[in-house]
Ligand code: G3P
Ligand code: CA
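Numbering (the working numbering), first residue to last: -15 to 280.
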């Protein structure tokens, strides 16, 4: 059997609230969410950078693809331009993903828009432009998708020059103007940004990112310290003990970046997907969705 029976049952059951309550109840854990708050699947599929294995990362083409596939969330990385626009790009510079050069923080939006953000992935995507956060939200609205969430990674590093001090406030203003406050998960390696966001908007959902060589010693304490809603570590840091400790504490987990089916299965076998809000962040949402479909 590929999955332990309880996990498989959890993934198969359509009325997942009973499954989750059963798992949690058996461990004496309080149920974190009501049935109406749940996503259609217990394991959330997060399309990393929109699905960077399938389309040029952090472009509208990738986000369109992620939605078409039926992902639960579109992950994306945010920076701020010289003229204060919130744009979607992973690196602080243009070289790796576009045919342009320079730092995002040194360029205006108009200057950034001159460069191609699709051709490096494949000539079939030539013409893609680096999108703004507003454009991604407009795309989701135009698609009529009222379900998908946006994982907004604030690429804020306090020591990097040219970054606005009010990064979080700028992002929040866009979310308020577009009515998307409740449609996002704000995530960051810069954990104080999560606490700032929560203070500015208590209803916002946040996820604490952890990477680097050394895994945090006490993920539960870290998540609590910054008032985050879930823990999102590098997959290298995921052990049975970490999953169990988080779930015992009522905290969901969503590791990144998980691209191989064997690794996806390992995480599911560890119990990821038995707790409301658990997820897997992948460049290949198609692979994970196929795996979950096959297990139903
Ligand atoms: O979802 C978290 C993940 O995106 C963090 O790593 O470098 O891909 O932004 P990175
Ligand atoms: Ca990211």
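Where is the CB? At the ideal position from N, CA and C, for every residue including glycine.
- If you look at residue 194, you'll find it isn't in any alpha helix (DSSP H); it sits in the beta strand (DSSP E) that goes 189 to 194.
- In this structure the segment 198 to 215 does not touch the segment 148 to 155; the number of beta carbon pairs closer than 8 Å is below three.
- Assigned with DSSP and collapsed to three states, residue 272 falls in helix.
- At least one heavy atom of ligand 1 sits closer than 8 Å to the Cβ of residue 59.
- Leaving aside the five residues that flank residue 261 on each side, the residues in its chain whose CB is nearer than 6 Å to its CB run, in chain order, 214 and 236.
- Separation of residue 227 and residue 239 (C-alpha to C-alpha, rounded to the nearest whole angstrom) is 10 Å.
- In this chain, residue 28 is not harboured by any alpha helix (DSSP H); it is covered by the beta strand (DSSP E) spanning 28 to 31.
- At least one heavy atom of ligand 1 is found less than 8 Å from the C-beta of residue 33.
- Distances taken from the Cβ of residue 264 to the heavy atoms of ligand 1 include none shorter than 8 Å.
- In this structure, the C-beta of residue 171 approaches ligand 2 to less than 8 Å from one of its heavy atoms.
- Shortest Cα-Cα distance from residue 135 to any of 33, 241 and 253 involves 33.
- Just measuring C-alpha positions, the residue of 26, 60, 44 and 45 sitting nearest residue 266 is 60.
- CA-to-CA, the gap between residue 256 and residue 107 works out to about 37 Å.
- The segment 175 to 186 makes no contact with the segment 244 to 256; the number of CB pairs closer than 8 Å stays below 3.
- For residue 105, the closest C-alpha among the options 121, 115 and 81 is that of 81.
- Between the segment 158 to 165 and the segment 192 to 207, the count of Cβ pairs shorter than 8 Å is below three; the stretches do not touch.
- Residue 118 has its alpha-carbon roughly 15 Å from the corresponding atom of residue 48.
- Per DSSP, residue 133 is one residue of the beta strand (DSSP E) stretching across 133 to 138.
- With contacts defined as CB atoms closer than 9 Å, residue 109 and residue 39 qualify as a contacting pair.
- A Cβ-Cβ contact shorter than 9 Å links residue 115 with residue 44.
- Counting along the chain, no alpha helix (DSSP H) covers residue 61; the unbroken beta strand (DSSP E) around it starts and ends at 57 to 64.
- Remark: the shortest separation between the CB of residue 135 and any heavy atom of ligand 1 falls under 8 Å.
- In terms of CA proximity to residue 217, 200 leads the group 200, 56, 233 and 224.
- Rounded to whole angstroms, the gap between the alpha carbons of residue 65 and residue 279 is 44 Å.
- Per the DSSP secondary-structure output, residue 155 pairs with nothing in a beta bridge.
- A buried status is given to residue 51, since no fewer than 16 other beta-carbon atoms sit within 10 Å of its beta-carbon.
- In this structure, residue 78 lies near residue 87, with their beta-carbon atoms less than 9 Å apart.
- Annotation for residue 74 indicates a beta carbon within 8 Å of some heavy atom of ligand 2.
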